[in-house]
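Heads up: the sequence shown runs through residues 127 to 239, numbered per the numbering used here. Where a beta carbon is used, it is the ideal one built from N, C-alpha and C, also for glycine.
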Amino acid sequence: MKIRHLCILFLSMALVDVARAQDKRLACNSFAELAATVIQIRQQEQEATGVLDYANANLKDQYPPHVFNLVKKMIREAFERQPVGTSSLEGEVRTFARQQRRGCNELYAQLDP
127 MKIRHLCILF
137 LSMALVDVAR
147 AQDKRLACNS
157 FAELAATVIQ
167 IRQQEQEATG
177 VLDYANANLK
187 DQYPPHVFNL
197 VKKMIREAFE
207 RQPVGTSSLE
217 GEVRTFARQQ
227 RRGCNELYAQ
237 LDP
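And the structure:
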């Protein structure tokens, strides 16, 4: 399976989980894990950037705009991170996922008065 297809699969799975999730924290955790997975995949191949094009073409209309835009932002930020050495990858992924989770929870807090 190509790396690009793997990224698309992860994106689809995260969005499906969110569609079923009642708890916004669960949604944020799914998004953060997706973004962290993108960092790990990106270490191996740049082709994974096509995942955003795929999402725009095939998934955009299936989710509320704020959810879809949040996921795209998190994936884009994951791609913007510089690749790191294998010894630092685990820490980098944990740190990034924590930052994404916090940002997601803050966004949902703003949306819910």
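Residue environment, residue i, which counts as buried when at least 16 other CB atoms sit within 10 Å
{"i": "Ser156", "result": "buried"}
{"i": "Ala183", "result": "exposed"}
{"i": "Ala235", "result": "exposed"}
Proximal residues to residue i (C-beta, below 6 Å), its chain only, five neighbours per side dropped
{"i": "Cys154", "result": "Arg227, Cys230 and Asn231"}
{"i": "Ala158", "result": "Ala223, Gln226 and Arg227"}
{"i": "Met127", "result": "Only weak support exists for where Met127 lies, its pLDDT of 48 falling under 50; the coordinates are left without a value."}
{"i": "Met200", "result": "Phe157, Ala161 and Gln226"}
Element boundaries [alpha helix (DSSP H), containing residue i]
{"i": "Arg207", "result": "Unbroken run through Arg207: none, as it is neither H nor E."}
CB contact flag (residue i, residue j, <8 Å)
{"i": "Ala196", "j": "Leu160", "result": "Looking at the sequence itself, residue 196 is Leu, so the reference to Ala does not match. It is not a contact, given that the beta carbons lie outside the stated cut-off."}
{"i": "Arg207", "j": "Leu178", "result": "no"}
Beta-carbon contacts of residue i that lie in its chain and below 7 Å, excluding the five residues immediately before and after
{"i": "Val210", "result": "Glu218"}
{"i": "Lys198", "result": "Leu178 and Ala181"}
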